[in-house]
């Protein structure tokens, strides 16, 4: 086939793709926020801790303040998907894209979330989880002015591409990344921990307009931290719900303009201690 013919074929294929996608895009349901909940299930988590995470998100999604924050939006509804992740090839969608506009919707999400027990997997690839989360927006049947990946984890990236590079690419797509660093580890998994995981998340993981993170220092804090984070993500800047949250709690740590933490610390710890228990 000549170069001209190849160009015509390629152009026709591209046009067909555009025309094929146009009706779906035009008919996409409008929501206030598209939210990816990306939750760490690496082997450093005990079965009890995995359940705490599931139940914490379930309680937060049905909390009155979260439902009020959703209702205050211009469209009064959000779209959410829940993903559990570990290593670079370990991402499982537990709840596919679902609309939440009221308590009944939230309870249906909770039913999916708690239908089966969580499974853990090896290694920790925040970067791959962010890539997977950004791809999920392309599969969403919704439109919104705000797209957010809400990522929680108990350690630094130690597999896959460098997390700050992937973070920057995701943010360039207009996606905000917020974080919930879980500073709760001990045992074998602690060999791959960093002492200041909150700083690591602030400098290397979160990003985008208004990005923030809320550290969790004890598992007892987890349900409240998730609830608070959801209200801040879902409520508008002038929302009474957001104002109440900010008045009742200390300010969250916003993303820093210039990284100060070594964003490859997890990879270096893995390389230096790879003879230890392969839990992260």
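Numbering (my numbering), first residue to last: 109 to 388. Cβ atoms here follow ideal geometry from the backbone N, Cα and C, with glycine treated the same way.
Reducing DSSP to helix, strand and coil, say where residue 204 ends up.
Of the three classes helix, strand and coil, the one that applies to residue 204 here is strand, per DSSP.
Could you give the distance in angstroms between the alpha-carbon of residue 337 and the alpha-carbon of residue 167?
Their Cα atoms are separated by approximately 13 Å.
Consult DSSP for residue 368 and reduce its assignment to one of helix, strand or coil.
If DSSP states are grouped into helix, strand and coil, residue 368 belongs with coil.
Rounded C-beta distance between residue 144 and residue 342? I'm assuming under 8 Å.
Not a contact, Cβ separation roughly 13 Å.
Does the pairing of the stretch 213-226 with the stretch 260-270 give three or more beta-carbon distances under 8 Å?
In short, these stretches do not touch, since the Cβ pair count stays below three.
Using the Cα positions of residue 206 and residue 213, report the straight-line distance between them to the nearest angstrom.
Spanning the two alpha carbons is a distance of roughly 8 Å.
Could you pull out every unbroken alpha helix (DSSP H) segment of at least 4 residues lying fully inside the stretch 168-217, listed in chain order?
Listed in chain order, the complete alpha helix (DSSP H) runs (minimum 4 residues) inside the stretch 168-217 are 172-179.
Taking only the alpha-carbon atoms, compute the straight-line gap between residue 158 and residue 291 and give it to the nearest angstrom.
When rounded, the distance between both Cα atoms is 15 Å.
Roughly how many angstroms lie between the CA atoms of residue 312 and residue 277, to the nearest whole one?
Cα-Cα distance, rounded: 12 Å.
Are the beta-carbon atoms of residue 284 and residue 241 separated by less than 8 Å?
Cβ atoms of residue 284 and residue 241: not closer than 8 Å.
Quick check: what's the CA-CA separation for residue 154 versus residue 135?
Going by the C-alpha atoms only, they are around 43 Å apart.
Among 335, 339, 305, which has the Cα closest to the Cα of residue 323?
Nearest of 335, 339, 305 to residue 323, Cα basis: 305.
Quick check on residue 258: does DSSP put it in helix, strand or coil?
Correct three-state label for residue 258: strand.
Taking the beta carbon of residue 328 as the centre, do at least 16 other beta carbons fall within 10 Å, making it buried, or is it exposed?
Residue 328 should be labelled exposed.
Can you tell me the Cα-Cα spacing of residue 303 and residue 368, whole angstroms?
Distance between the alpha carbons of residue 303 and residue 368 is about 15 Å.
Sorted by chain position, which residues of the same chain lie with C-beta nearer than 7 Å to residue 410's C-beta, five sequence neighbours on each side aside?
Residue 410 cannot be examined here, being either before or after the span of the chain that is shown, 109 to 388.
State the DSSP-derived secondary structure class of residue 164, mapped to helix, strand or coil.
Here residue 164 sits in helix by DSSP.
Within 10 angstroms of the Cβ of residue 172, are there 16 or more other Cβ atoms? Answer buried if so, exposed if not.
Exposed is the call here.
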